[in-house]
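In order, the protein sequences belong to chains A and B. Just so you know, the first sequence maps onto residues 1 to 383 in the working numbering. Just so you know, the second sequence maps onto residues 1001 to 1279 in the working numbering.
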Amino acid sequence: MATPRKTKKQVLFAQGNEAVVEGALLAGCTFFAGYPITPSSEIMEEMARRLPRSETGVFIQMEDEIASMGAIIGASLAGRKVMTATSGPGFSLMQEHLGYACMTEVPLVIVNVMRGGPSTGLPTSPAQGDVQQARWGTHGDHPIIVLSAASVQECLEMTVTAFNFAEKYRSPVILLLDEITAHTREKIELPLPGEHEIFNRVVPSMPPEWYKPFEDTMRGVPSMPPLGSGYRYHVTGLTHDVMGFPTQQPDEIKALIERLFRKIDQFYTDIMLVDEYLTTDAEVGVVAYGSVARSAELAVAQAREAGVNAGLLKLKTLFPFPRPFVERLARSCKTLIVPEMNMGQMSREVKRVAASLTHIRTLNRIDGQIITPSQILKAITQG
Amino acid sequence: MSDVTELIHQYLRHNKKFPHVFCPGCGHGIVLGSLIRSVHELALSKDEVVLVAGIGCSGRIAVYVDFNTVHTTHGRALTFATGIKMANPDLKVIALMGDGDAFSIGGNHLIHAARRNIGVTALVLNNSIYGMTGGQSSATTPKGAVSQTAPFGHLEKSFDLVKLASAAGANGVSRGTVFHVNMLDRLIAEAVSRPGFNLVEIMSPCFTQYGRKNKFKSAVDMFKWLKTETSPLESWEQLPPEEKAKRLPIGTFLAGQEPGLEVLYGNLRDDLAAKEQPR
Chain A
1 MATPRKTKKQ VLFAQGNEAV VEGALLAGCT FFAGYPITPS SEIMEEMARR LPRSETGVFI
61 QMEDEIASMG AIIGASLAGR KVMTATSGPG FSLMQEHLGY ACMTEVPLVI VNVMRGGPST
121 GLPTSPAQGD VQQARWGTHG DHPIIVLSAA SVQECLEMTV TAFNFAEKYR SPVILLLDEI
181 TAHTREKIEL PLPGEHEIFN RVVPSMPPEW YKPFEDTMRG VPSMPPLGSG YRYHVTGLTH
241 DVMGFPTQQP DEIKALIERL FRKIDQFYTD IMLVDEYLTT DAEVGVVAYG SVARSAELAV
301 AQAREAGVNA GLLKLKTLFP FPRPFVERLA RSCKTLIVPE MNMGQMSREV KRVAASLTHI
361 RTLNRIDGQI ITPSQILKAI TQG
Chain B
1001 MSDVTELIHQ YLRHNKKFPH VFCPGCGHGI VLGSLIRSVH ELALSKDEVV LVAGIGCSGR
1061 IAVYVDFNTV HTTHGRALTF ATGIKMANPD LKVIALMGDG DAFSIGGNHL IHAARRNIGV
1121 TALVLNNSIY GMTGGQSSAT TPKGAVSQTA PFGHLEKSFD LVKLASAAGA NGVSRGTVFH
1181 VNMLDRLIAE AVSRPGFNLV EIMSPCFTQY GRKNKFKSAV DMFKWLKTET SPLESWEQLP
1241 PEEKAKRLPI GTFLAGQEPG LEVLYGNLRD DLAAKEQPR
C-alpha cells in the first residue's frame, strides 16, 4: 500500500478582498449578489469569475445595495449560503434588509470594507467609522454578530467563521474590514480540506405538518427548510407567532423578541473571539481591532523592548462585545488604550464595561491615514 | 359556485385566523381567487409556488394562501423574488405588489427586474392610492384626483404601468381588472406559464380610501366604471384617437418568449463546465 502523499497547502499572494472570496467558497457560499463600491469591488469581481465555474454557484449584480440584500435573503430562504460585500454608503442602504434578516432569522454574511465617512467621504482611504452602525444601524431592538479581521490570512478565516455563525445561529453576520486589510497583499495559505469546521444549517426532520417555523426550542434557533421542500410556511418582517403569522398579542411579541436575543446571548462564549498578546503581566493594555491591531502589536513589542509591560487584546468579535476579556485586562492594567480610526466608537464600549476598573485613553485618527505603531507606542510610554 | 368555493378552500390556510383585512368592496380578494384558479388550472403543486409579497393591502394576501409565502419589505418584493428564482429556477415565483409598492418606492427594482428578464411573474394590484396608510397619493393616482396628500387635487401625472414595463424590457405585459374575472384568470395563467419577466397590472378598486373621495357613490359604482371605461385591446385599437384617450385598454400587450435570466445563467455554467472538462 502506497503511503498517502503529504498534501501541501496552496500558498497565495493575495489581498484581503481576495482572501474573503477564498474563505466564502471554502465555507460553502454558492450565491453572491452585490453592487460595485470602492474599496470592496474586488470581492464581487472575483465572485463573478468564480461562482459560475462551480456546480451550482450564482452571481448576480443588482441595481443597488437594497436589492443586493433582498436577493441574498431570497436565495438564503431558498437554501443557499449567501454573501454580499459593500462599503459605508452601501452599508447604509443595506440597513433596511439587515433588520428584515434579523426579524426573519435569515443566515447571511455582509462584508463591509470600511472607508472614510460620513456620506461619500473618502472612498479610497481607510477608516473604522461603521462600528456602531453595524451594531445599531437598523431600527428596532435586535442582536447582531459583528466580526473583524486584521490580516489577509484572518480575512479568509473570519469569513469562514462568519458563515458558520450565520448558519448556526440563523443570523446575519457582518464582517467589518478596513481599506488597509482589504487591499494589502500578503502571503496566505489556503486551508486543507477539512481543516476548518464547516457548519451547515439545520433543516427540519419532522413531517411538514408538525413543523413550527419559529418554534422556541432550547437552542432558540429554529430549523430552516429551503423554499419548495414541502415545508410551506409564512415569512414576514412583521412581528410573528411561532407559525410565522403576524401577531399583536403581547405575550407572543415578547416571546419572539426575547428569543431573538437569547439565541445569541446564550452562546456568548462561542461567539466572542479575541487574540491576546502579552496580556498576562501587562500594565498598559491596548484594545484594538482591524488593521490598527497590527500597528498595536508592533507597538506592544517595541514597548516591551523599552521596558514597559504592554499587552494587546485584539478583538475579532466586535459584537456581542467581548466584555469578560476587556474586564479581565482592565483589572490588571493601570491604563487601557483604545486606538481606532474613528472618533471613538469602540472606546464607548470599553468605557461602558471598564470605566470603573481602570483609566481608559482613546487614540483617534480620522484623517484618512493609518494609525502607526509609533503613535501607539507614544501613547503606551506616556502610560 | 360550490365547486369554486371548494377549490378556494383547498388553497387557503386553515391555521390562519380569518377574517381577512380587506374592506368591503375591495378588489383584492377577487385577485386572490383568480390567482388560486390560475395555479389550479396550470396544475402547479403548492410546494413549487412561492408567493412573494410587498407591503400594503396587497401584501397581506400572501398570509392567507397555502403556498410558500414571503411577505417582504415595502417596494422590494422583486429583489427577493430575483434571489429565490436564481437560487432555485424550478420554483414558480410570483411577486404580488401594490401600485405604490411596485412603482413608487419599488420603481427601480421593477424596471431592473424587467430589463433582466428574470423568470418572475409580477402581479401589480393597482388601486390608484395608498390604501393601508390611509389614502395618500401614489404614482398611479390620476391627475386631478383627491387624496389625503392632495386635498386640492393631484397635480402630478400618473404612470402608465403597461408602457413602463414594456419599455423596460419585460417579456410579457398585460392588464386586467377585477370586473373581468375570466379574462383575469387567463391573463395570470398565461403570465405564470410564459418564460422570463411577466407583469400583469390588475385594476382593483379601493372604495374606502379612493372611491368615496372621488365621486364614486359606492363600490359597485367603481366596478361599473371598470366595465364601462375599459375596452379589450383588440377593439380599443380600432377606436378613433379621441376615443382611445378616454378608454383604458385591457388584455395582453406583450407576449415574448425570451428565456429568463436564470436559464441563461444555467447555460453559462454548463458551457464553462464543458470547457473546463479534462480532455
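The C-beta atom is built at its ideal place from N, Cα and C for all residues, glycine as well.
- A Cβ-Cβ distance of about 6 Å is found for the pair Gly1196 of chain B and Gly1119 of chain B, placing them in contact under the 8 Å criterion.
- Proximity of chain A to Ile1084 of chain B at the Cβ level (cut-off 8 Å) is accounted for by Gly74, Ala75, Leu77, Ala78 and Leu227, in chain order.
- For Ile1202 of chain B, the pairing in a beta bridge is given by DSSP as B:Leu1125 and B:Gly1176.
- A Cβ of chain B is located within less than 8 Å of the beta carbon of Ala33 of chain A.
- What Phe91 of chain A touches in chain B, judged by beta-carbon distance under 8 Å, is nothing: the nearest beta carbon there is about 17 Å away.
- Taking a Cβ-Cβ threshold of 8 Å, the residues of chain B close to Leu238 of chain A are His1071, in chain order.
- Residue contact check for Tyr100 of chain A against chain B: a CB pair falls below 8 Å.
- For Ala1150 of chain B, the beta-bridge partners assigned by DSSP are B:Ser1147.
- Under the Cβ criterion of 8 Å, Leu1091 of chain B is counted among the residues facing chain A.
- Sequence-distant Cβ neighbours of Thr1252 of chain B in its own chain, meaning closer than 6 Å and more than five residues away, are Ser1174.
- In the structure shown, Ile264 of chain A adopts helical secondary structure according to DSSP, grouped into three states.
- Between Gly230 of chain A and chain B, the shortest Cβ-Cβ separation is below 8 Å.
- Taken atom to atom, the span from the alpha-carbon of Arg1269 of chain B to that of Ala48 of chain A is near 12 Å.
- Taking C-beta separations shorter than 7 Å and ignoring five residues to either side along the sequence, the partners of Gln95 of chain A in its chain run Gly137 and Thr138, following chain order.
- Taking a beta-carbon distance threshold of 8 Å, Lys1163 of chain B does not count as an interface residue toward chain A.
- Sorting B:Tyr1064, B:Glu1048 and B:Ile1036 by C-alpha distance to the C-alpha of His1014 of chain B places B:Tyr1064 at the top.
- A distance below 8 Å separates the beta carbons of Leu1091 of chain B and Leu227 of chain A.
- Listed along chain A are Glu63, Asp64, Ile66 and Ala67, each with a C-beta nearer than 9 Å to that of Asn1108 of chain B.
- Val173 of chain A is outside the set of residues whose beta carbon lies under 8 Å from a beta carbon in chain B.
- At a C-beta separation below 9 Å, Asn1088 of chain B has these neighbours in chain A: Ala75, Ala78, Gly79, Arg80, Pro226, Leu227 and Gly228.
- Taking 8 Å as the threshold, the shortest C-beta distance from His142 of chain A to chain B does not fall below it.
- Secondary structure note for Gly1029 of chain B: its alpha helix (DSSP H) is the uninterrupted segment His1028 to Glu1041.
- DSSP, reduced to helix, strand and coil, places Lys1092 of chain B within a strand of the structure shown.
- Bounds of the alpha helix (DSSP H) holding Pro324 of chain A are Arg323 to Ser332.
- Using a CB distance below 7 Å, the part of the segment 1258-1272 of chain B facing chain A consists of Tyr1265, Leu1268, Arg1269 and Leu1272, ordered along the chain.
- Bounds of any alpha helix (DSSP H) do not take in Asn364 of chain A; it lies within the beta strand (DSSP E) bounded by His359 to Asn364.
- No Cβ of chain B is located within less than 8 Å of the beta carbon of His139 of chain A.
- The beta-carbon distance between Val203 of chain A and Ser223 of chain A, rounded to whole angstroms, is 6 Å. This is short enough to meet the 8 Å contact definition.
- The beta carbons of Pro1249 of chain B and Phe1223 of chain B sit about 18 Å from each other, so the pair does not count as a contact at 8 Å.
- Scanning the segment 177-228 of chain A from its first residue to its last, the whole beta strand (DSSP E) runs of 3-plus residues come out as 185-189.
- Contact between Gln15 of chain A and Arg185 of chain A holds: their C-beta atoms lie close to 5 Å from each other, under 8 Å.
- For chain B, the residues of the segment 238-264 of chain A that bring a beta carbon within less than 8 Å of one of its beta carbons are Leu238, Met243, Phe245 and Pro246, in chain order.
- The DSSP-derived three-state label of Asp275 of chain A is strand.
- Under the three-state reduction of DSSP output, Asn1108 of chain B falls in the helix class.
- If the five residues before and after Ala1095 of chain B are omitted, its C-beta is found closer than 6 Å to the C-beta atoms of Val1052, Ala1077, Leu1078, Ala1081, Val1120 and Ala1122, all from its own chain and listed in chain order.
- When only Cα atoms are considered, Gly117 of chain A and Ile366 of chain A end up about 9 Å apart.
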